[in-house]
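Visitor: Per the numbering used here, the very first residue in the sequence shown carries number 6; after that it's consecutive. C-beta atoms are modelled at their ideal positions from N, C-alpha and C, and glycine is treated no differently. The structure displayed is predicted, hence computed values, not measured ones. Sharing a structure with you now.
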Amino acid sequence: MKQGIENLEFWFIAGSQFLYGEETLNQVEKNSRIIVDSLNASGHLPWRIKFKGIVKTSTDATEFSREANYDKKCAGLIVFCHTFSPSKMWITGLKSLEKPYLHLHTQFNSNIPNEEIDMDYMNLHQSAHGDREHGFIVTRLRIPRKIVVGHYEETEVQENIAKYMRAAVGAAFSRDMRVMRFGDNMREVAVTEGDKVEAQIKLGWEVNTWAVGLLVDTMNEVTEDEIAAQVDIYHELYDFNTDKIETIQYQAREEIAIKKLLDDQGCSAFSNTFEDLYGMDQLPGLATQDLMRQGYGYGGEGDWKVSAMTSIMKAMSFGLANGTSFMEDYTYDFENGLILGAHMLEVCPTVASDRPRIEVHELGIGGKQPPARIVFNGKGGNGIAVSLIDMGGRLRLIVADIECVEPTQTMPNLPVARVMWKPEPNLKVGAHAWILAGGAHHTVLSLDLDAEIMRDFANILGIEFVHISKDTDLATFEDELQLKDLLWKLK
Ligand code: MN
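Below, the structure written as structure tokens:
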């Protein structure tokens, strides 16, 4: 797992000009610093904002942009035009900007003070027109950006900035993503395939393969001490509902070896397939689940797209604790409008409502020994299910709003972790829209993120975004997909 996410920061840049004189510019800086300090002290922002300076000339705008592009700690910009800042001087800077960009349409004072207001006051509180000038040029340049409107002390404004931060950090994480593939895609499966070159161009992902034999060699190098230490971690986190300790030790060996290879190669995510486990005794179950808990992404059956998205969405959820997991839509309860999600083994324990228990059961496919896995019930809460598909010529990110519920039945003979949810607006419309959009059976399920964050993420990276929500109407949705198909062919 790559370190350093917590050290990312956002740069606050105030727009102004020399027209109003030095005294006003000093006030602009003073006020901007107060806004930044207030936002940082709000407790609602997952990352720090750093006051970076004031754009007064075209040279300033270009320099800030170049500096932001090359600064690894800078995850994005936040721009606010405190006074009128003529936008032609921003053109070169904005055109060269590669970092995510938030236009914060705020104002230093939250209201109009009856006695105090005069033309000096007006000049210091003119984002109402200064930000319109700024908004025009960004629209004219067709630069993707987030707009947040409101006084900076409002909780809603702070929360919207926080959402943008999560999307921007997701984009930064995505552009630094490496995925390790063990084995190819599951034979004949379509939706888990995709254009890895396109994914690298658009999303930055380096998706490459490593031999299963190398994994087996690495597993054979794992020491008994390392295995014992890993089993101690399992004891801390999970109940042991089996006496097959050797089976658990084998999963520990797999986990340590996979983690070592991932870390050696700077990979944050991996995929494997039950069809290619040559030299391995068990499909990694517990091993994969425990790796996901630590933030690594996983996709079953060679699904590198969902694996990378799992890792990215875990990074985007930094500081939140409701959980994000690789998921699969498995079976329906049509009578109660519910979906039961699970996988043959690999669901992340961050979405567990109860203490997970390690169990060992036969696996019906793959022809290997019965693997250890953790079994638990999923949590309730509002969340999203996310699928990234390759439409041929473009990538489409589909996000469905869902309401997770604790499983309504005990299902004593189901030997895997189980998560249950109601898709919005209901099972029939939600599933209908999902199928119409081409969404996969594999998803990333998150109880920490929402559709707005994912929309911003898609906008930053320049991929198509489709949202299924409580407002989804099938006829409108179908028309929307057709229009988008045409739109993306023109892009
Ligand atoms: Mn699957």
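In chain order, what are the residues with a CB under 6 Å from some non-hydrogen atom of ligand 1?
Guide: The set, ordered by position in the chain, is Gly305, Glu306, Glu333, His348, His447.
Visitor: Which runs of the alpha helix (DSSP H) fall wholly inside the segment 60-135 and span at least 4 residues, in chain order?
Guide: Here the runs fully enclosed are 63-75, 96-101, 124-129.
Visitor: Can the beta-carbon of isoleucine 253 be found closer than 8 Å to that of leucine 282?
Guide: By 1-based counting over the sequence shown, the position of residue 253 is 248. By 1-based counting over the sequence shown, the position of residue 282 is 277. Not in contact: isoleucine 253 and leucine 282 (Cβ atoms no closer than 8 Å).
Visitor: Taking only runs that begin and end inside the segment 268-344, name each unbroken alpha helix (DSSP H) of 4 or more residues, in chain order.
Guide: The segment 268-344 contains these whole alpha helix (DSSP H) runs: 291-298, 309-321.
Visitor: Would you check if the distance between the CB atom of arginine 378 and the CB atom of leucine 350 is smaller than 8 Å?
Guide: As a first step, residue 378 must be located in the sequence shown, where it is residue number 373. As a first step, residue 350 must be located in the sequence shown, where it is residue number 345. Against a cut-off of 8 Å, the Cβ pair of leucine 350 and arginine 378 comes out as a contact.
Visitor: Apart from the five residues just before and just after aspartate 295, which ones in its own chain have a Cβ nearer than 6 Å to its Cβ?
Guide: Along the sequence shown, read from residue 1 onward, the residue named residue 295 stands at position 290. Here the set comprises Glu260.
Visitor: Give the DSSP-derived three-state secondary structure of leucine 350 in the structure shown.
Guide: By one-based count along the sequence shown, residue 350 stands at place 345. Three-state DSSP puts leucine 350 in coil, outside helix and strand.
Visitor: Taking DSSP as the reference, what is the three-state secondary structure of threonine 144?
Guide: On the sequence shown, residue 144 is found 139 positions in, with the first residue counted as 1. Note: threonine 144 maps to helix in three-state DSSP.
Visitor: Going by beta carbon distance, what residues of the same chain come within less than 8 Å of serine 312, once the five residues before and after it are set aside?
Guide: Taking the first residue of the sequence shown as 1, we reach residue 312 at position 307. Only Val184, Ala274, Phe275, Ser276, Gly302, Tyr303, Gly304, Phe331 meet the Cβ criterion.
Visitor: Rounded to the nearest angstrom, what separates isoleucine 317 and valine 424 at their Cα positions?
Guide: As a first step, residue 317 must be located in the sequence shown, where it is residue number 312. As a first step, residue 424 must be located in the sequence shown, where it is residue number 419. One C-alpha to the other measures close to 21 Å.
Visitor: DSSP state of leucine 488, grouped into three classes?
Guide: Looking up residue 488 in the sequence shown gives position 483. Leucine 488 falls in the helix class under three-state DSSP.
Visitor: Could you tell me the boundaries of the alpha helix (DSSP H) in which asparagine 31 lies?
Guide: To locate residue 31, count along the sequence shown from 1; it is residue 26. Looking at the DSSP string, the run of the alpha helix (DSSP H) that includes asparagine 31 is 27-46.
Visitor: Could you please give the first and the last residue of the uninterrupted beta strand (DSSP E) stretch that includes tryptophan 426?
Guide: Residue 426 sits at position 421 when you count from the first residue of the sequence shown. Residues 424-428.
Visitor: Buried or exposed for glutamine 287, going by 16 or more other Cβ atoms inside 10 Å?
Guide: Within the sequence shown, numbered from 1, the residue matching residue 287 stands at position 282. The residue in question, glutamine 287, is buried, as its Cβ has 16 or more Cβ neighbours within 10 Å.
Visitor: Where do the ends of the beta strand (DSSP E) carrying glutamate 14 lie?
Guide: As a first step, residue 14 is located in the sequence shown; it is residue number 9 there, counting from the start. Element bounds for glutamate 14: 14-20.
Visitor: I'd like to confirm the pairing. Which residues does DSSP put opposite threonine 448 in its beta bridges?
Guide: Residue 448 sits at position 443 when you count from the first residue of the sequence shown. Note: threonine 448 sits in a beta bridge opposite Met332.
Visitor: Please classify proline 417 as buried or exposed, where buried requires at least 16 other C-beta atoms within 10 Å of its C-beta.
Guide: As a working note, residue 417 is residue 412 in the sequence shown. Exposed, because fewer than 16 other Cβ atoms sit within 10 Å of the Cβ of proline 417.
Visitor: Here's a check: name, in chain order, each residue in its chain whose Cβ is nearer than 8 Å to the Cβ of isoleucine 10, leaving out the five neighbours to either side.
Guide: Within the sequence shown, the letter at position 5 stands for residue 10. Excluding sequence neighbours, isoleucine 10 sits near Val174, Phe178, Ala320, Phe323.
Visitor: Kindly give me the distance between the Cβ atoms of arginine 399 and glutamate 469, rounded to whole angstroms, as I take these residues to be in contact under 8 Å.
Guide: Mapped onto the sequence shown, residue 399 falls at position 394. Mapped onto the sequence shown, residue 469 falls at position 464. Yes, arginine 399 and glutamate 469 are in contact; Cβ-Cβ is about 6 Å, under 8 Å.
Visitor: The alpha helix (DSSP H) that contains alanine 377, what's its start and end?
Guide: Taking the sequence shown and counting its residues from 1, one reaches residue 377 at position 372. No alpha helix (DSSP H) contains alanine 377, which is instead part of the beta strand (DSSP E) from 377-380.
Visitor: Within 10 angstroms of the Cβ of glycine 188, are there 16 or more other Cβ atoms? Answer buried if so, exposed if not.
Guide: Position 183 of the sequence shown, counting from 1, holds the residue named residue 188. The residue is buried, with at least 16 neighbouring Cβ atoms inside 10 Å.
Visitor: Please specify which runs of the beta strand (DSSP E), each continuous and at least 3 residues long, are wholly inside the segment 432-477, giving them in chain order.
Guide: Counting only runs of 3 or more, we get 447-451, 469-473.
Visitor: Any idea what DSSP makes of isoleucine 238, helix, strand or coil?
Guide: Here residue 238 is taken as the residue at index 233 of the sequence shown, counted from 1. Residue state, collapsed to three classes: helix.
Visitor: Mark serine 115 as exposed unless 16 or more other C-beta atoms lie within 10 angstroms of its C-beta, in which case mark it buried.
Guide: Counting from 1 along the sequence shown, the entry for residue 115 is found at position 110. The residue is exposed, with fewer than 16 neighbouring Cβ atoms inside 10 Å.
Visitor: By Cβ distance, which residues of its chain are closer than 7 Å to isoleucine 389, with the 5 residues on each side in sequence left out?
Guide: On the sequence shown, position 384 is the one that residue 389 refers to. Around isoleucine 389: Val404, Ala405, Asp406, Ile407, Ser451, Leu454, Asp455, Ala456, Met459.
Visitor: Please classify glutamate 500: is it buried, with 16 or more other beta-carbons within 10 angstroms of its beta-carbon, or exposed?
Guide: Here the chain comprises residues numbered 6 to 496, so residue 500 is not present and cannot be evaluated.
Visitor: Measure from the alpha carbon of alanine 46 to the alpha carbon of each residue in Phe245, Trp215, Leu129, Glu159, then state which is nearest.
Guide: Position 41 of the sequence shown, counted from the first residue, corresponds to residue 46. The shortest Cα separation from alanine 46 among Phe245, Trp215, Leu129, Glu159 belongs to Glu159.
Visitor: Go through the segment 198-225 residue by residue and report every complete run of the alpha helix (DSSP H) that reaches 4 residues or more, in order.
Guide: Listed in chain order, the complete alpha helix (DSSP H) runs (minimum 4 residues) inside the segment 198-225 are 201-208.
Visitor: If you run the structure through DSSP and keep just helix, strand and coil, what is lysine 265?
Guide: Indexing the sequence shown from 1 puts residue 265 at position 260. Here lysine 265 sits in helix by DSSP.
Visitor: Assuming contact is defined by CB atoms lying nearer than 8 Å, are isoleucine 18 and leucine 82 in contact in what I supplied?
Guide: In the sequence shown, the residue the question calls residue 18 occupies position 13. In the sequence shown, the residue the question calls residue 82 occupies position 77. Contact: yes.
Visitor: Look at threonine 29 and threonine 111 and say whether their C-beta atoms are less than 8 Å apart.
Guide: If you number the sequence shown from 1, residue 29 lands on position 24. If you number the sequence shown from 1, residue 111 lands on position 106. Not closer than 8 Å, so no.
Visitor: For a quick check, are the C-beta atoms of alanine 347 and valine 410 less than 8 Å apart?
Guide: To locate residue 347, count along the sequence shown from 1; it is residue 342. To locate residue 410, count along the sequence shown from 1; it is residue 405. Not a contact, by the Cβ cut-off of 8 Å.
Visitor: Identify which residue in Leu109, Asp334, Lys433 has its Cα closest to the Cα of alanine 445.
Guide: Within the sequence shown, residue 445 is the residue found at index 440, counting from 1. It is Asp334 whose Cα lies nearest to the Cα of alanine 445.
Visitor: Assess contact between the segment 187-202 and the segment 240-250, defined as three or more Cβ pairs (one per stretch) separated by less than 8 Å. Is contact present?
Guide: The segment 187-202 vs the segment 240-250: no contact.
Visitor: Are the Cβ atoms of tryptophan 95 and valine 60 separated by less than 8 Å?
Guide: The count along the sequence shown starts at 1 and reaches residue 95 at position 90. The count along the sequence shown starts at 1 and reaches residue 60 at position 55. Going by C-beta atoms, tryptophan 95 is nearer than 8 Å to valine 60.
Visitor: Should the segment 435-445 be called in touch with the segment 358-376, which here means at least 3 C-beta pairs below 8 Å?
Guide: Segments in contact, no.
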